[in-house]
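Q: What follows is a structure written as structure tokens; I'll ask about it next.
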Amino acid sequence: MTRSTRFEQILAVLVGLTAVVAALLATLQLDASRQGDRAAQLSARLPARVFEHIAASTLRSSFHLDSQRDGAGLAVEALGRQLAVLEKGGPDFEDAIGRAHLKAAERAIEAAKAMEKIDPASRGVDRLTREAILATIPQLNALVAEQGRQVDLGDRYSARGSKSVFALSLVAIAAALLGLAAVFRAGAGGRIALAAGALSLALATGWGAWALTI
Amino acid sequence: MAESVPPAEEGAREPDEGYARAAAILLALAAVVGITLGARASLLSSDATDAWQSAVRQEIKRAAASVEDVRFVYSDEGPQVFSIDVARLRAEELRKAAAAATGQAREVLTLEAETYSRYVAQVAKPPLPVGARYRTPEGGFDAPKRLADNRRRYPDLVAIDPQEPQRAGDELSRRAMFEIAATIPAALAFLLGALAEVFARPRRWLLLGGAAAVAAAAVAGVVLEVVTV
Chain A
1 MTRSTRFEQI
11 LAVLVGLTAV
21 VAALLATLQL
31 DASRQGDRAA
41 QLSARLPARV
51 FEHIAASTLR
61 SSFHLDSQRD
71 GAGLAVEALG
81 RQLAVLEKGG
91 PDFEDAIGRA
101 HLKAAERAIE
111 AAKAMEKIDP
121 ASRGVDRLTR
131 EAILATIPQL
141 NALVAEQGRQ
151 VDLGDRYSAR
161 GSKSVFALSL
171 VAIAAALLGL
181 AAVFRAGAGG
191 RIALAAGALS
201 LALATGWGAW
211 ALTI
Chain B
1001 MAESVPPAEE
1011 GAREPDEGYA
1021 RAAAILLALA
1031 AVVGITLGAR
1041 ASLLSSDATD
1051 AWQSAVRQEI
1061 KRAAASVEDV
1071 RFVYSDEGPQ
1081 VFSIDVARLR
1091 AEELRKAAAA
1101 ATGQAREVLT
1111 LEAETYSRYV
1121 AQVAKPPLPV
1131 GARYRTPEGG
1141 FDAPKRLADN
1151 RRRYPDLVAI
1161 DPQEPQRAGD
1171 ELSRRAMFEI
1181 AATIPAALAF
1191 LLGALAEVFA
1201 RPRRWLLLGG
1211 AAAVAAAAVA
1221 GVVLEVVTV
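Next up, the structure:
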């Protein structure tokens, strides 16, 4: 090995630094890509759960509401019959029918309320279906908010990934220029290529640091 | 005629050439290890994306099956069964009232009770879940029990757990990150190898440091293949 010139020493330092910056930027880029992909995937997955919760909980609550309404409707009908008999007169059995229907209505309302109180877990309904049919508005709001957060996160990491890729491109340019400097050696062309390579590497480092702040 | 090298100068050049070879080997090793780790990280990253996509597919399949079962029980069967339950309650109360009444009232109440009983007998037939299994103590419809039974008919759909591929994707993603991070010591080894080419005095230490860094990168790569992160 012969004694190295100043030019060769600077070139070697820059070439080594190029490898280190490239490895750092590749790590940054992969991290951004992974986090971005995960956020995008979750933002695609969560709407399925949101719609499942909306559909299932609405079906269940509608059934229970309609059942109680049926019981209440029967009670109103029975009371109407009794009132009509009282006001207009009529055979005694009409009042007896009205009273029997009113009792049936009270039992129907009681049955409807009891149906709503059944804990699906006690009947063996699986966890995810249970969560869906028992979903509340605050829970749905939380799911929607989380979905929005994942979309924002995906955008953020996508921007970071794009900047990292650009920084990696600058590193590739720096590597090419340093290669050119190695060919030209210490002449004017070599010095220009070396300076341009160093500048490109500095820009790549700055761009990578900027990507980190996003 | 070839220029002859004085013996003293030849002895000095030998260690230099040894160092030059070591530096070249270090540079080549660092490049190979770094590129291998990068390629492996890329493959793992791709596998992670596949696993995550699978989680999305499974979530949609699971949710669709769940909603369909809920719709069937709470929207198709539930209202029909409860209307039968109400008719049954009406028949029971009318029959009780008939038992306590006399004369024409008793006849009319019995007739009314019979009307509802016949309605119940006519419509309360399978496949509607109208048996005692799905009747609550109050006389209503045990929809959750019916839902659970209905879901059990398709255990494959109930067993779908999107969190499984999600966790697998997360694991692969973490692994990919560690693999790519392991290229940093390989790059450092490259830097030290490059410096060893041009700086004579610390050459020995630069080469040792570079060898340690490239070994660390290679070991990290091997370890990541066998352990769960």
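So the sequence lines, in the order shown, correspond to chains A and B.
According to my numbering, the first sequence holds residues 1 to 214 in order.
According to my numbering, the second sequence holds residues 1001 to 1229 in order.
For every residue, glycine included, the Cβ atom is placed at its ideal position computed from N, Cα and C.
For N141 (chain A), collect the residues of the same chain with a Cβ closer than 8 Å to its Cβ; drop the 5 residues on either side in sequence, then sort them by chain order.
A: If we look at N141 (chain A) and ignore the five residues flanking it on each side, it has no Cβ neighbours.
Q: Work out the CA separation of M1177 (chain B) and V1033 (chain B) for me, nearest whole Å.
A: One C-alpha to the other measures close to 16 Å.
Q: Which term fits D152 (chain A), buried or exposed, when burial requires 16 or more other beta carbons within 10 angstroms of its beta carbon?
A: Classification of D152 (chain A): exposed, given that the 10 Å Cβ count is below 16.
Q: Is the Cβ of W1052 (chain B) closer than 8 Å to any Cβ of chain A?
A: Chain A, which has a Cβ nearer than 8 Å to the Cβ of W1052 (chain B), makes this yes.
Q: Look up R1201 (chain B) in the DSSP assignment and say whether it is helix, strand or coil.
A: R1201 (chain B) falls in the coil class under three-state DSSP.
Q: Does D31 (chain A) pass the burial test, meaning 16 or more other C-beta atoms within 10 Å, or should it be called exposed?
A: D31 (chain A) should be labelled buried.
Q: What residue range does the alpha helix (DSSP H) around R127 (chain A) cover?
A: Element bounds for R127 (chain A): R127 to I133.
Q: For Q35 (chain A), which residues in the same chain have their Cβ closer than 6 Å to its Cβ, ignoring the five residues on either side in sequence?
A: Excluding positions up to five away in sequence, the list reads Y157.
Q: Have a look at B:R1167, B:L1147 and B:R1118 and flag the residue whose alpha-carbon is nearest the alpha-carbon of V1070 (chain B).
A: Closest by alpha carbon: B:L1147.
Q: Identify the continuous alpha helix (DSSP H) that holds S4 (chain A) and give its terminal residues.
A: Per DSSP, S4 (chain A) belongs to no alpha helix (DSSP H) and is neither H nor E.
Q: Roughly how many angstroms lie between the CA atoms of R1174 (chain B) and L65 (chain A), to the nearest whole one?
A: Rounded to whole angstroms, R1174 (chain B) to L65 (chain A) spans 48 Å at the Cα level.
Q: Could you pull out every residue in the same chain whose Cβ sits closer than 6 Å to the Cβ of R6 (chain A), ignoring the five residues on either side in sequence?
A: Closer than 6 Å at Cβ, skipping near neighbours: no residue.
Q: Taking the Cβ atom as the reference point for each residue, do A96 (chain A) and L1089 (chain B) lie within a distance shorter than 8 Å?
A: Not a contact, by the Cβ cut-off of 8 Å.
Q: Of all Cβ atoms in chain B, is any one closer than 8 Å to the Cβ of T129 (chain A)?
A: Closer than 8 Å: yes.
Q: Evaluate A209 (chain A) with the Cβ neighbour count: other Cβ atoms within 10 Å of its Cβ, from every protein chain shown; 16 or more gives buried, anything less gives exposed.
A: Looking at its Cβ environment, which holds fewer than 16 other Cβ atoms inside 10 Å, A209 (chain A) is exposed.
Q: Which residues in chain A have a C-beta closer than 7 Å to the C-beta of L1191 (chain B)? List them in chain order.
A: Correct list: G16, L17, A19 and V20.
Q: Using 8 Å as the limit for Cβ to Cβ distance, is K88 (chain A) near chain B?
A: Chain B, which has no Cβ nearer than 8 Å to the Cβ of K88 (chain A), makes this no.
Q: So, helix, strand or coil for R34 (chain A), using DSSP?
A: If DSSP states are grouped into helix, strand and coil, R34 (chain A) belongs with the helices.
Q: Are any of the Cβ atoms in chain B nearer than 8 Å to that of D70 (chain A)?
A: Closer than 8 Å: yes.
Q: Less than 8 Å between the C-beta atoms of Y1019 (chain B) and A1196 (chain B), yes or no?
A: A contact, by the Cβ cut-off of 8 Å.
Q: Look at the Cβ atom of Q1053 (chain B), then the Cβ atom of Q41 (chain A), and state whether they are nearer than 8 Å.
A: Yes. Within cutoff.
Q: Which word fits A1002 (chain B), buried or exposed, when buried means at least 16 other C-beta atoms lie within 10 angstroms of its C-beta?
A: Low local confidence applies: a pLDDT of 42 at A1002 (chain B) is under 50, so the model's placement there is unreliable, with the coordinate-based value given in what follows. So A1002 (chain B) counts as exposed.
Q: Which residues in chain B have a C-beta closer than 8 Å to the C-beta of R123 (chain A)? List them in chain order.
A: Result: D1142, P1144, K1145, L1147 and A1148.
Q: Once the 5 residues before and after L1044 (chain B) are set aside, which same chain residues still bring their CB inside 8 Å of it?
A: Closer than 8 Å at the Cβ level, and outside the excluded window around L1044 (chain B), lie L1172, S1173, R1175, A1176 and E1179.
Q: Just checking my contact of V171 (chain A) with L25 (chain A) at CB under 8 Å: how many whole Å lie between their CB atoms?
A: Between L25 (chain A) and V171 (chain A) the Cβ distance is about 6 Å, and since that is below 8 Å, they are a contact.
Q: For A175 (chain A), which option in A:K163, A:V165 and A:L194 has the closest C-alpha, if you only look at C-alpha atoms?
A: Comparing Cα positions, the closest option is A:L194.
Q: On the premise that R1151 (chain B) lies in contact with A126 (chain A), defined as a C-beta separation below 8 Å, what is that separation, rounded to the nearest angstrom?
A: Sequence check: residue 126 (chain A) is Asp here, not Ala. The pair is a contact, with the Cβ atoms about 6 Å apart (cut-off 8 Å).
Q: Examine chain B for any beta-carbon lying closer than 8 Å to the beta-carbon of P120 (chain A), and answer yes or no.
A: Closer than 8 Å: yes.
Q: Going by alpha carbons, who is nearest to A56 (chain A) out of B:A1186, B:A1063 and B:F1199?
A: Of the candidates B:A1186, B:A1063 and B:F1199, the one whose C-alpha sits nearest the C-alpha of A56 (chain A) is B:A1063.
Q: For E1003 (chain B), which of helix, strand or coil comes out of DSSP?
A: With a pLDDT of 44 at E1003 (chain B), under the threshold of 50, the modelled position of this residue cannot be trusted; read the value that follows with caution. Here E1003 (chain B) sits in coil by DSSP.
Q: Count the C-beta pairs between the segment 1077-1097 of chain B and the segment 1112-1125 of chain B that are closer than 8 Å, then say yes if the count reaches three, no if not.
A: Flag = yes, the segment 1077-1097 of chain B and the segment 1112-1125 of chain B touch.
Q: Looking at the structure shown, is R185 (chain A) part of a helix, part of a strand, or coil, going by DSSP?
A: R185 (chain A) falls in the coil class under three-state DSSP.
Q: Let me know the secondary structure DSSP gives R1153 (chain B) once reduced to three states.
A: It is coil, neither helix nor strand.
Q: Spell out whether any CB of chain B is found under 8 Å from the CB atom of P91 (chain A).
A: So yes, P91 (chain A) belongs to the interface.
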